[in-house]
């Protein structure tokens, strides 16, 4: 569905260049629900904007269903954003028109697409029912709670039947209980529609709702966290009890990003020694320089 290959994005700020993505690589399977996490400035939102066709990459490729977005004309990108991709933003003001009702907001993308009125009415009713807001259809955003506004935003994002849904901090303004409702809505739609969903978030609790969590650091993918499958009889009732495993990510050149806490714990600087063992590859600290090399070799002979 989505493949990022050697993705680079450089912004020019005044007379400086800021590198937001540095050769990032990522593959998202069709129908997968994936979260992207990382510290502020790591490149999460930039990645989402590039995949969504809002920004063009400086280098590298972004393939969606086999088509390279870098090759799209401006008109083709407009069509891609309007017909093939849905967006949900953190702030309601980016998702909803304040003076339109929920029903009218959901219908708006279909009006722009010039769908017949009968088709619009049916589609709006289906979407509001899908997000559990049929009884709030005639309320303007000011009369909706924050969670309800975000569920309307999800319905708007799905108005033109996209196959890819991108959400940038969709629960950033919500409490944990309301965030859970939003994640439940995403997961239900993911399973019912076969929708591919990418969510940028700072919420560590999302691991229980998605197939994978990919961490970005310094503009590159660094680690990946997956749930450990359990027999049905052992599936926990509480989402917080989900067991996970963390994997480091190798790019196509064989580069490995080791978590910073591991490097600090074992005092590994900018060099390391690799050893093959029966269990796999062992990484050891390396002292650089002639004296350091002599001491290391002497220690190995002992």
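In the numbering used here, the protein residues as written are 119 to 420. Just so it is clear, CB atoms sit at the ideal spot from N, CA and C, and this is done for glycine as well.
Task: Closest residue to residue 374 among 404, 363 and 338 (Cα-Cα distance) - done: For the purposes of this step, residue 374 is taken as residue 256 along the chain shown, with counting starting at 1. Per the Cα distances, 338.
- Task: Have a look at residue 130 and residue 334 and give me their C-alpha separation to the nearest angstrom.
- Result: Counted from its first residue, the chain shown places residue 130 at position 12. Counted from its first residue, the chain shown places residue 334 at position 216. Roughly 21 Å between the two C-alpha positions.
Output needed for residue 230: all residues of its chain with C-beta closer than 8 Å, excluding positions within five of it in sequence on either side, in chain order. On the chain shown, residue 230 is found 112 positions in, with the first residue counted as 1. Within the same chain, residue 230 has close Cβ partners 200.
Nearest residue (CA-CA) to residue 389, options 402, 138 and 126: Looking up residue 389 in the chain shown gives position 271. Closest option to residue 389, Cα to Cα, is 402.
(Q) Suppose only complete runs of 4+ residues qualify. What are the alpha helix (DSSP H) ranges in the region 368–396, listed by chain order? (A) 378–383
Tell me the DSSP bridge mates of residue 119? For the purposes of this step, residue 119 is taken as the residue at position 1 of the chain shown. Its beta-bridge partners do not exist; DSSP assigns none.
**Prompt:** Under 8 Å between the Cβ atoms of residue 308 and residue 270?
**Reply:** Here residue 308 corresponds to residue number 190 of the chain shown, with the count starting at 1. Here residue 270 corresponds to residue number 152 of the chain shown, with the count starting at 1. Cβ distance not < 8 Å, so residue 308 and residue 270 don't count as in contact.
Practice problem: With a cut-off of 8 Å on the beta carbons, I'd call residue 144 and residue 126 a contact; round off their distance for me. | Solution: Sequence index remark: in the chain shown, residue 144 carries index 26 (1-based). Sequence index remark: in the chain shown, residue 126 carries index 8 (1-based). About 13 Å separates the two Cβ atoms, so there is no contact after all.
Q. Does DSSP put residue 350 in a helix, a strand or coil?
A. Here residue 350 refers to the residue found at position 232 when the chain shown is read from its first residue. Unreliable positioning characterises residue 350 in this predicted model, as indicated by a pLDDT of 43, which lies under 50. A coordinate reading is not provided.
Using the Cβ count rule (16 or more neighbours within 10 Å means buried), how would you classify residue 132?
Position 14 of the chain shown, counted from the first residue, corresponds to residue 132. With fewer than 16 Cβ atoms within 10 Å of its Cβ, residue 132 is classed as exposed.
Residue ranges of each alpha helix (DSSP H) within the region 198–256, 4 or longer:
210–213, 220–230 and 235–248
- Item | First and last residue of the uninterrupted beta strand (DSSP E) at residue 334 | As a position in the chain shown, residue 334 is number 216, starting the count at 1. Element bounds for residue 334: 330–335.
**Asked** Can you round the beta-carbon distance between residue 202 and residue 280 to whole angstroms, since I take them to be within the 8 Å contact cut?
**Response** As a position in the chain shown, residue 202 is number 84, starting the count at 1. As a position in the chain shown, residue 280 is number 162, starting the count at 1. That pair is a contact at about 5 Å.
**Asked** Considering only residues of the same chain and omitting the five flanking positions on each side of residue 414, which have a CB-CB separation below 6 Å?
**Response** In the chain shown, counting from the first residue as 1, residue 414 sits at position 296. Summary for residue 414: the model assigns pLDDT 47, below 50, so the residue's position carries little reliability; its value from the coordinates is reported in the next sentence. Within the same chain, residue 414 has close Cβ partners 405.
- prompt: Roughly how many angstroms lie between the CA atoms of residue 272 and residue 324, to the nearest whole one?
  reply: Along the chain shown, read from residue 1 onward, the residue named residue 272 stands at position 154. Along the chain shown, read from residue 1 onward, the residue named residue 324 stands at position 206. Between residue 272 and residue 324, the C-alpha separation is close to 17 Å.
Complete beta strand (DSSP E) runs within the region 154–203 (minimum length 3 residues, chain order):
177–182
Exercise. Of all the options 183, 341 and 320, which has the alpha carbon lying nearest to the alpha carbon of residue 368?
Worked result: The residue you call residue 368 lines up with position 250 of the chain shown. With distances taken between Cα atoms, residue 368 lies closest to 341.
Judging by CA-CA distance, which residue of 303, 268 and 158 is the nearest neighbour of residue 208? Numbered from its first residue, the chain shown carries residue 208 at position 90. The option with the nearest alpha carbon to residue 208 is 268.
Practice task
Take the Cβ of residue 399 as the centre, count every other Cβ of all protein chains shown within 10 Å, and call the residue buried at 16 or more, exposed below.
Solution key: Taking the chain shown and counting its residues from 1, the one referred to as residue 399 is at position 281. So residue 399 counts as exposed.
Exercise for review: Taking only the alpha-carbon atoms, compute the straight-line gap between residue 372 and residue 228 and give it to the nearest angstrom.
Suggested key: On the chain shown, residue 372 is found 254 positions in, with the first residue counted as 1. On the chain shown, residue 228 is found 110 positions in, with the first residue counted as 1. Between residue 372 and residue 228, the C-alpha separation is close to 46 Å.
When the distance is taken between beta carbons, is residue 291 closer than 8 Å to residue 264?
Residue numbering aside, residue 264 sits at position 146 when the chain shown is read from its first letter. Residue numbering aside, residue 291 sits at position 173 when the chain shown is read from its first letter. A contact, by the Cβ cut-off of 8 Å.
**Prompt:** Where does residue 268 sit, in a helix, a strand or coil, going by DSSP?
**Reply:** Residue 268 sits at position 150 when you count from the first residue of the chain shown. In the structure shown, residue 268 sits in a helix (DSSP, three-state: H, G or I).
>> Buried or exposed, going by whether 16 or more other CB atoms sit within 10 Å of the CB of residue 238?
In response: Within the chain shown, the letter at position 120 stands for residue 238. By the neighbour-count rule (16 or more Cβ atoms within 10 Å), residue 238 is buried.
Should residue 362 be labelled buried (16 or more other beta-carbon atoms within 10 Å of its own) or exposed?
Within the chain shown, residue 362 is the residue found at index 244, counting from 1. So residue 362 counts as exposed.
Margin query: I need the DSSP call for residue 398, collapsed to helix, strand or coil.
Written below: Here residue 398 refers to the residue found at position 280 when the chain shown is read from its first residue. Reduced to three states, the DSSP call for residue 398 is strand.
query: What is the residue span of the beta strand (DSSP E) that residue 342 lies within?
result: Looking up residue 342 in the chain shown gives position 224. Looking at the DSSP string, the run of the beta strand (DSSP E) that includes residue 342 is 338–345.
Own chain, CB closer than 8 Å to residue 216, minus 5 neighbours either side, in chain order:
As a position in the chain shown, residue 216 is number 98, starting the count at 1. Same-chain partners within the cutoff: 258, 259 and 260.
- [ ] For the beta strand (DSSP E) containing residue 315, list its first residue and its last residue.
- [x] Position 197 of the chain shown, counted from the start, is the residue given in the question as residue 315. Run containing residue 315: 314–318, per the beta strand (DSSP E) assignment.
Item checked: Exposure of residue 266, with buried meaning 16 or more beta-carbon neighbours within 10 Å -> The residue given as residue 266 occupies position 148 in the chain shown. When all chains shown are included, residue 266 counts as buried.
How about residue 289 and residue 314: do their beta carbons lie closer than 8 Å?
As a working mapping, residue 289 is identified with position 171 in the chain shown. As a working mapping, residue 314 is identified with position 196 in the chain shown. Taking 8 Å as the Cβ cut-off, residue 289 and residue 314 do not qualify as a contacting pair.
Quick check: the Cα distance between residue 171 and residue 395, rounded to an integer number of angstroms? Counted from its first residue, the chain shown places residue 171 at position 53. Counted from its first residue, the chain shown places residue 395 at position 277. Roughly 45 Å separates the two Cα atoms.
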